[in-house]
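Participant: In the numbering used here, the protein residues as written are 21 to 192. This structure is in structure tokens; I'll ask about it shortly.
As structure tokens, this is what we get:
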């Protein structure tokens, strides 16, 4: 399914929740491939709850791409664990996330159980985190989290593009 939704003609002067755009698709339980493109000129608010809702709604999901023209808020990186738990067949994921990686701190993410290892069964290989460019320090924590959450993920494209910085940490 490809779902493209533009702004209404008379858009309100405030950001709009991502659920406004995604809600019509959440009832499609058998969805396997989905591209959501929001071309609204106003910023979109996308939260961890939105990621959890998609992961719960689409357990057979194989590929998901979310593109936002403008955003006011984005989900944290730890929200991706919802896909590890809820979408065991997911192979390809492209999604915007927040630059802030403080949720990876053991005090915050660990306390909520967000960093649980889903086990080696998860087959996500293609991952692209849009809207971010991590520092060397943050990249180490992000890569560790992603490999623990998605054991066979290929991070090399994001390392090559400068989204993640490895300085030899990430081995191919």
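Just so it is clear, CB atoms sit at the ideal spot from N, CA and C, and this is done for glycine as well.
In angstroms with no decimal places, state the Cα-to-Cα distance between residue 185 and residue 45.
Facilitator: Sequence index remark: in the chain shown, residue 185 carries index 165 (1-based). Sequence index remark: in the chain shown, residue 45 carries index 25 (1-based). Taking the CA atoms as reference points, residue 185 sits about 35 Å from residue 45.
Participant: What are the complete alpha helix (DSSP H) segments, minimum 4 residues, inside the segment 68-112?
Facilitator: 68-77 and 101-106
Participant: How is the alpha helix (DSSP H) around residue 61 delimited, first residue to last?
Facilitator: The residue you call residue 61 lines up with position 41 of the chain shown. Element bounds for residue 61: n/a, residue is neither H nor E.
Participant: Any idea what DSSP makes of residue 174, helix, strand or coil?
Facilitator: One-based indexing of the chain shown puts residue 174 at position 154. Strand.
Participant: Tell me the DSSP secondary structure of residue 44 in three-state form.
Facilitator: What you label residue 44 is simply residue 24 of the chain shown in a count that begins at 1. In this structure, residue 44 counts as helix in the three-state DSSP scheme.
Participant: Looking at the unbroken alpha helix (DSSP H) that takes in residue 51, where does it start and where does it end?
Facilitator: For the purposes of this step, residue 51 is taken as the residue at position 31 of the chain shown. Residue 51 -> no alpha helix (DSSP H), and no H or E assigned at all.
Participant: Just to confirm the assignment, what range does the alpha helix (DSSP H) spanning residue 11 have?
Facilitator: Because the chain spans 21 through 192 in this model, residue 11 falls outside it and cannot be assessed.
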